[in-house]
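This report refers to the structure that appears directly beneath it.
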Amino acid sequence: MTDTRHLVVVGNGMVGHRLVSALRDRDERGEWRITVLGEETRQAYDRVALSSYVDGRSEEELRLAELVDPLVDLRLGDPAVTIDRERRTVRTASGAALTYDALVLATGSVPFVPPVPGKDLPNCFVYRTLDDLDAIKEAAAAAVARPGPGRRSAVVVGGGLLGLEAARAMRLLGLSPQVVEIAPRLMPAQVDEGGGALLRELVTGQDIAVRTGVAVWGIREERDRLVATLSDEVELDADLVVFSAGIRAQDALARSCDLRVGERGGVLVDAACRTHDENIWAIGECAALEGRTYGLVAPGYAMAEVVADRLLGGQATMTPEELDMSTKLKLLGVEVASFGDAHAATEGALEVVVNDPVAGTYSKIVVSDDAQTLLGGVLVGDASKYSTLRPLVGAKLPADPVAMIAPGGVELGADVLPDSAQICSCNAVTKGTLKNAIHAEGCRTVPDLKACTKAGTTCGSCVPLLKKMLVDEGVEVSKAICEHFTYSRAELFEIVASTGIRTFTELVQKHGTGRGCDLCKPAVASVLASLGNGHIHEGEQATLQDTNDHFLANMQRNGTYSVVPRIPGGEVTPEGLIVIGEVARDFGLYTKITGGQRIDLFGARVEQLPAIWKRLVDAGFESGHAYGKSLRTVKSCVGSSWCRYGVQDSVGMAVLLELRYRGLRSPHKLKSGVSGCARECAEARSKDFGVIATEKGWNLYVGGNGGATPKHAQLIVQDVDQETLIRTIDRFLMFYIRTADRLQRTAPWLEGLEGGLDHLREVIVDDSLGICADLDEAMTRHVETYEDEWRGVLEDPKKLERYVSFVNDPATPDPTISFVTERGQQVPAPRPGDPEPVLIGVPAFGRQEVQR
Amino acid sequence: MTTTDERPAMETRDTDLRWETACPLERLQPERGVAALFGDEQVAIFRTHGGELYALGNVDPRSGAAVLSRGIVGDRGGEPTVASPVYKESFSLVDGRCLDAPGVSVPVHPVRLHDGLVQIGLR
Ligand SMILES: Cc1cc2nc3c(=O)[nH]c(=O)nc-3n(C[C@H](O)[C@H](O)[C@H](O)COP(=O)(O)OP(=O)(O)OC[C@H]3O[C@@H](n4cnc5c(N)ncnc54)[C@H](O)[C@@H]3O)c2cc1C
Ligand code: SF4
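Protein chains in written order, with the numbering used here: chain A, 1 to 852; chain B, 853 to 975.
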């Protein structure tokens, strides 16, 4: 198109990204061609969730939707350096000159670093970008690795929202954080005095030391470490210092081309987000909207939407009074939220406070002078009501103010909210919009709603409310396993556990229809096995098992099986290795080392399995359950026995865990790992439950996996002793086994768990549901009744009967199985229709021979 | 198909049929299959919960592996089925057609119970 205009966006942060995607969504005729200049070298990412980068999320997971579009030219790592307003030209660091029809500044903020001596020393950092976090991670790892006694610590300057997040990150990186805050309480901008006292307690309880009412005066180097001097003359030594003492709008470009700036910084814009130069706009944290800057993402997104509308000829404006300044602290174990007029600044406003020091909660709501309208509030200790209270700001109270925040008071759902209430404040999505998405656009699940409306995609605090809405609006979420049962696996588990039904036939007759199938039968088999029902081939149970469980081996593509003896913790004696080698040689099995630190023997015919296992069992090996939906392996590093960095015996722990949970049937396979120190050589955080040694004990992470959608496990308890560790894993596993869906691994299970990790912690650490005694008992029963399945088969002639290829000709092997030799071992012969093999630079080993 | 109470459920007028014994009935666990070899013909034989017997070709058409006898027996909408253990498609025990891939099927063999022995009719 010849009349295409050129938009240059400076800054590829959250708000710049939102502008481009909003404009591309709406600009159907392609009026604008867009060039985005990004100072950071990475694709735009979710800065709000930055801290999760040290807690397992990867850069890919944090990345915002990629802007692949012929009309968008994304130039990363090439910041704008000057603007020539007369010639309407932007010059970039690489020397490019871009002429614009419209220019949008979305340059965000820079961290404010107080001008104290020593602030630029090595190992002093700010906390704003992924690059900052990479540098911090590296310095923390170096500090942890440094030989010599003593704690490794970090001083965090600033006790606001960001400071506390940073402190927590330091903790995760193995350092002891000390927060220094100049105000008399933490999070002074959001929390009042009453909440501040409780907040301090909660934060201290997370092993974060807090000093309030003092300033940092200077930093100096001493014997390779840093020493921070405080205004009360206390000296804190530290391996690194992180400044998170506030932000300043990044308005340098605007100043250099004489655009007006606000009194306290920020590019001055009107209600349309336009500067006094009609071709230039500013949005996000760098903008001073009618003089005021906003350090949260929601106002920035709103500005992006306004400018997108204006660029297409619309008349949208911002109304600063309506800008939502609600915040929720995203900090493990410390719930804090503030919303609306938290400090009761409105004239005549009344405060209603419920303070429960025993439960550790502080709730305050601010209401209008007639106690009819909700104005704001502060929640500390338990912020679960945040997602329902926040959208009610400005609306009539649906109940008595005290009842709304008192423990056991009214339970608020989305149903009390008016259609105009904003359910997702980050993306300004109202209840009305969501209802429309459900009824008119057919959204059926939370992910549907996220994709369709963007609700819940930023800070995520409204997700519980989205779920409630789906229920309120009558969207049935079918959890039925298959056509034979209308129940989910978790519900079947409860039925079996509470009714004492112990056969599939009885279960399907009383609670289902038909005769079952390959979906429900293995699921019921797993439930029966989890509840302890003897050998999985006992009686009718044998008919429920899929072929792997039926032959206690893994079927491969040509109908042969692979055999995996258990090697707990990956620790094996030379004698053990020799036995495995001899068995493989004598039966002609292909041998491969697995990722789980054991050995897989492939190509066994069904009639060979008992003889193979006889030799293995005689040598002391047991089933490795590679075929089962059950514990696979507990991988380990060598730990303190050999490694110079190890702080605990990781192999010993791995062996202990593997022996404890071997044979435990679960909704899906379970993997685990144990690392002997924070270097994490065993990759424990990619496991369903991973254990990492610390100087004081063990950290436990849950809900990780590798595979197609890798997930890092999340920290659930830290620095615990062995007994607590094992108790927590016991409960985690049993709770998962009871409540997960069929073939749902721990990561999606945890994701779908209402209340997420915090809820899980409440259930299995604080026993909030009162079920821990049950869970403990179930695990004790498992441990006490475990028997090796293969030994069970070898000792029972009836069970051995099935290990033949043909009932009428037990001595004959399946004639359709044939092998060829590849790299010195046998592999299945190709079948007609198999894809042609591609040779990948490996020299051929002699001729391929077909053996029968 | 035939039932274990010796009621001949399948009329066959095929006089060329040669009946070969696979195994005694007790060797067949309800809702589980076994495989039998006749020459180079592999047959998967199933006994359902209600006591009916069925026989299909043992080779899974998709993978080429002779393993259908090792699948899970159940039903779909009342029609008895076996699910291939390799890629999990279900096959009707009645007529051998694949319920998940139109046009795909496996052979069906006549089966009867004779003096407590399960026998397959071969041509
Ligand atoms: C740890 C942390 C936690 C947070 N938690 C929350 C929260 O819970 N809730 C909330 O609402 N907000 C939170 N925020 C704030 C939120 O991230 C910001 O409000 C939001 O990112 C602002 O978006 P922006 O696009 O204006 O700025 P940014 O996301 O900072 O993007 C600005 C981009 O412009 C680039 N840039 C600067 N100058 C130039 C130039 N000359 N040329 C090219 N590019 C340039 C910068 O490198 C940067 O990439 C948090 C921030 C941090 C750091
Ligand atoms: S994780 Fe294990 S192997 Fe790696 S450095 Fe630590 S102790 Fe050593």
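Beta carbons: idealized from backbone N, C-alpha and C, even for Gly. If you're wondering where the values come from, they're calculated on a predicted model, not measured in any experiment.
Is it the case that the Cβ atoms of residue i and residue j are separated by a distance below 7 Å?
i, j, result
"A:Arg18", "A:Tyr294", "no"
"A:Val352", "A:Pro401", "yes"
"B:Glu883", "A:Thr543", "yes"
"A:Val15", "A:Val104", "no"
"A:Ser636", "A:Gly569", "yes"
"B:Leu877", "B:Val970", "yes"
"B:Gly973", "B:Pro962", "yes"
"A:Leu62", "A:Ala44", "no"
"A:Asp721", "A:Met779", "no"
"A:Leu664", "A:Leu700", "no"
"A:Leu492", "A:Pro610", "no"
"A:Pro866", "A:Asn554", "The first residue shown for chain A is 1 and the last is 852, placing residue 866 of chain A beyond what the model contains."
So, with DSSP's three-state summary, where would you put residue i?
i, result
"A:Asn436", "helix"
"A:Tyr294", "coil"
"A:Ala249", "strand"
"A:Arg557", "coil"
"A:Cys517", "coil"
"B:Cys950", "strand"
"A:His6", "strand"
"A:Glu762", "helix"
"A:Gly163", "helix"
"A:Lys696", "coil"
"A:Ile280", "strand"
"B:Leu965", "strand"
"A:Lys711", "strand"
"A:Val378", "strand"
"A:Leu64", "coil"
"A:Cys772", "helix"
Return no unless some Cβ of chain B is closer than 7 Å to the Cβ of residue i.
i, result
"A:Val807", "yes"
"A:Gly377", "no"
"A:Thr816", "yes"
"A:Gly628", "no"
"A:Arg200", "no"
"A:Gly512", "no"
"A:Arg502", "no"
"A:Arg489", "no"
"A:Arg585", "no"
Taking the beta carbon of residue i as the centre, do at least 16 other beta carbons fall within 10 Å, making it buried, or is it exposed?
i, result
"A:Glu658", "buried"
"A:Ile247", "buried"
"B:Pro939", "Checking the sequence shown, residue 939 of chain B turns out to be Tyr, not Pro. That one is exposed."
"A:Val68", "exposed"
"A:His668", "buried"
"A:Val358", "exposed"
"A:Glu762", "exposed"
"A:Ile34", "buried"
"A:Met1", "Confidence at A:Met1 is low in this model, with a pLDDT of 47, below 50, so its placement is unreliable and the value that follows should be read with caution. A:Met1 comes out exposed."
"A:Leu616", "buried"
"A:Thr319", "exposed"
"A:Thr4", "exposed"
Does the beta carbon of residue i sit closer than 7 Å to a beta carbon anywhere in chain A?
i, result
"B:Leu889", "yes"
"B:Ala907", "no"
"B:Arg879", "yes"
"B:Gly926", "yes"
"B:Gly968", "no"
"B:Ala843", "Residue 843 of chain B cannot be examined here, being either before or after the span of chain B that is shown, 853 to 975."
"B:Glu883", "yes"
Taking 6 Å as the cut-off, does the CB of residue i come closer than this to any heavy atom belonging to ligand 3?
i, result
"A:Gln190", "The ligand content of the structure shown is limited to ligand 1 and ligand 2, which means ligand 3 is not among them."
Taking any Cβ of chain B, which residues in the region 516 to 540 of chain A have a Cβ under 9 Å from it, in chain order? Against chain B - using a Cβ distance shorter than 9 Å - the residues of the region 516 to 540 of chain A are Gly516, Cys517, Asp518, Leu519, Cys520, Lys521, Pro522 and Glu540.
Mind listing which residues of the region 536 to 570 of chain A have their C-beta closer than 9 Å to chain E's C-betas, in chain order? Given the protein chain composition of this structure (A and B), no chain E is represented.
Could you name the residues of the region 938 to 957 of chain B whose beta carbon sits closer than 8 Å to any beta carbon of chain A, in the order they occur along the chain? Hits within the stretch, in order: Val938, Lys940 and Ser942.
Would you list, in chain order, the members of the region 598 to 625 of chain A that have their beta-carbon closer than 7 Å to a beta-carbon of chain B? Cβ contacts with chain B come from no residue of the region 598 to 625 of chain A.
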